[in-house]
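**Student:**
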């Protein structure tokens, strides 16, 4: 990671740079994941999650195996990310998304009907992406393997912080640092955190509002209008948040934000002030019945 950051510092310009740092950032995640997998292989099984058990390496791979994994031709330039356990399981006589499928690396068992699945390295959930009505849906459906890598190797390993919010902040900070040193990356992921906080807070309120749910269940036009509104919301908000990621430097993305009167900042930063009023307006929480044993 230090070598990657040094590369960013010495070679980056004000635009997107297609140079050696691009495959290096992919390699950085791959080797960090390998280090965690080796560490998990030395721990007791009861200390590991189910996912960690599946990818833990009980034996140290050879230098040749590490090099082959790091520079696997189907994924060393731009990804996707996958564990070395998956790689080792499929290179022993089974070299059979696109290049990865040709190699057989994406083989993911069979579905309930016995059909072979080839989605082991799928990087986009197209239906979720195209029908997204929240920014969180885009996060769940795009660049899946990197998001899964961050969840397993960064977010879940920050449990000692005792807070999901702190873990999320540190994970987003790592992602920004991994992308580079441009301020646009940090601004983008900070805004992502603010927007997802808003969605997590307002979502349950709308879901449990008797007024809102009654309208959606009884009026088909209300459901159509709600979908259109939420779809426009995702377009507008996603574009606003990604401005900084695309334009990179503060003078450039700030100029665009200023021309838009900072509407995204105003909306999401002011939400905590208006949240109590909004929650009262939507009516009392509609409590669902819970089984006694819960």
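Numbering (the working numbering), first residue to last: 263 to 556. A virtual CB, placed ideally from N, CA and C, is assigned to each residue, including glycine. Note that the coordinates shown come from a computational prediction; the quantities given were computed from them, not determined experimentally.
Taking three-plus beta-carbon pairs below 8 angstroms as touching, is the segment 269 to 287 in contact with the segment 439 to 448?
**Tutor:** Result yes; three or more Cβ-Cβ pairs closer than 8 angstroms.
**Student:** Take the Cβ of residue 471 as the centre, count every other Cβ of all protein chains shown within 10 Å, and call the residue buried at 16 or more, exposed below.
**Tutor:** It is buried - the Cβ of residue 471 has at least 16 other Cβ atoms within 10 Å.
**Student:** For the structure I just gave you, are there three or more beta carbon pairs, one from the segment 430 to 439 and one from the segment 451 to 468, closer than 8 angstroms?
**Tutor:** In short, these stretches touch, since the Cβ pair count reaches three.
**Student:** Terminal residues of the continuous alpha helix (DSSP H) containing residue 386?
**Tutor:** Premise fails: residue 386 is in no alpha helix (DSSP H) and is neither H nor E.
**Student:** Can you grab the Cα-Cα spacing for the pair residue 407 / residue 291, in whole Å?
**Tutor:** Taking the straight line joining both Cα atoms gives about 11 angstroms.
**Student:** Do we get a CB-CB distance below 8 angstroms when we pair residue 316 with the residues of chain B?
**Tutor:** The structure shown contains no chain B; it is built from a single protein chain.
**Student:** Is the beta carbon of residue 386 less than 8 angstroms from the beta carbon of residue 341?
**Tutor:** The answer is no: Cβ separation not under 8 angstroms.
**Student:** Excluding the five sequence neighbours on either side, which residues of its own chain have a C-beta within less than 7 angstroms of the C-beta of residue 392, listed in chain order?
**Tutor:** Contacts found: none.
**Student:** Can you give, in chain order, each stretch of the alpha helix (DSSP H) that sits fully within the segment 418 to 448 and has at least 4 residues?
**Tutor:** As far as the segment 418 to 448 is concerned, its whole alpha helix (DSSP H) runs of at least 4 residues are 426 to 441.
**Student:** Mind reading off the beta-carbon distance from residue 509 to residue 515? Whole number of angstroms is fine, and I expect it under 8 angstroms.
**Tutor:** 4 angstroms between Cβ atoms; contact.
**Student:** I'd like the ranges of any alpha helix (DSSP H) spanning at least 4 consecutive residues and lying wholly in the segment 283 to 338.
**Tutor:** Those alpha helix (DSSP H) runs which fall completely within the segment 283 to 338 and span 4+ residues are 283 to 303, 312 to 317, 325 to 332.
**Student:** Which residues in the same chain as residue 319 place their Cβ atom closer than 6 angstroms to its Cβ, once the five residues preceding and following it in sequence are excluded?
**Tutor:** 299, 300, 303.
**Student:** Per the contact definition of three or more C-beta pairs closer than 8 angstroms, is the segment 488 to 505 in contact with the segment 414 to 423?
**Tutor:** Taking 8 angstroms as the limit for Cβ pairs, the verdict is that the segment 488 to 505 does not touch the segment 414 to 423.
**Student:** At which residues does the alpha helix (DSSP H) containing residue 513 begin and terminate?
**Tutor:** Element bounds for residue 513: 512 to 521.
**Student:** Can you tell me whether DSSP reads residue 489 as helix, strand or coil?
**Tutor:** Helix at residue 489.
**Student:** Just list the residues that DSSP pairs residue 541 with in beta bridges.
**Tutor:** Its beta-bridge partners do not exist; DSSP assigns none.
**Student:** Rounded to the nearest angstrom, how far is the Cβ of residue 530 from that of residue 460, given a contact under 8 angstroms?
**Tutor:** With a Cβ gap of about 5 angstroms, residue 530 and residue 460 count as contacting.
**Student:** Roughly how many whole angstroms lie between the Cα atoms of residue 517 and residue 505?
**Tutor:** Answer to the nearest angstrom: the Cα atoms are 10 angstroms apart.
**Student:** Which residues share a DSSP beta bridge with residue 404?
**Tutor:** In the DSSP output, where bridge partners are listed per residue, residue 404 has 386.
**Student:** Indicate, with yes or no, if the ligand NAD has a heavy atom lying under 7 angstroms from the CB of residue 475.
**Tutor:** Absence of the ligand NAD is noted for the structure shown, with no ligands found whatsoever.
**Student:** Just to confirm the assignment, what range does the alpha helix (DSSP H) spanning residue 560 have?
**Tutor:** This structure gives no information on residue 560, because the portion of the chain shown stretches from 263 to 556.
**Student:** Where does the unbroken alpha helix (DSSP H) through residue 272 begin, and where does it stop?
**Tutor:** Here the alpha helix (DSSP H) through residue 272 covers 264 to 273.
**Student:** Classify residue 343 as buried or exposed, calling it buried when 16 or more other Cβ atoms lie within 10 Å of its own Cβ.
**Tutor:** Counting Cβ neighbours within 10 Å, residue 343 comes out buried, since at least 16 surround it.
**Student:** Look up residue 281 in the DSSP assignment and say whether it is helix, strand or coil.
**Tutor:** Residue 281 falls in the coil class under three-state DSSP.
**Student:** Looking only at DSSP bridge pairs, what is residue 372 linked to?
**Tutor:** DSSP, once it has assigned bridges, lists 378 as partnering residue 372.
**Student:** State the Cα-Cα distance for the pair residue 397 and residue 521, rounded to the nearest angstrom.
**Tutor:** One C-alpha to the other measures close to 23 angstroms.
**Student:** Taking only three categories from DSSP, how would you classify residue 340?
**Tutor:** Here residue 340 sits in coil by DSSP.
**Student:** By alpha-carbon positions, which one of 404, 528, 486, 544 ends up nearest to residue 388?
**Tutor:** Ranking 404, 528, 486, 544 by Cα distance to residue 388 puts 404 first.
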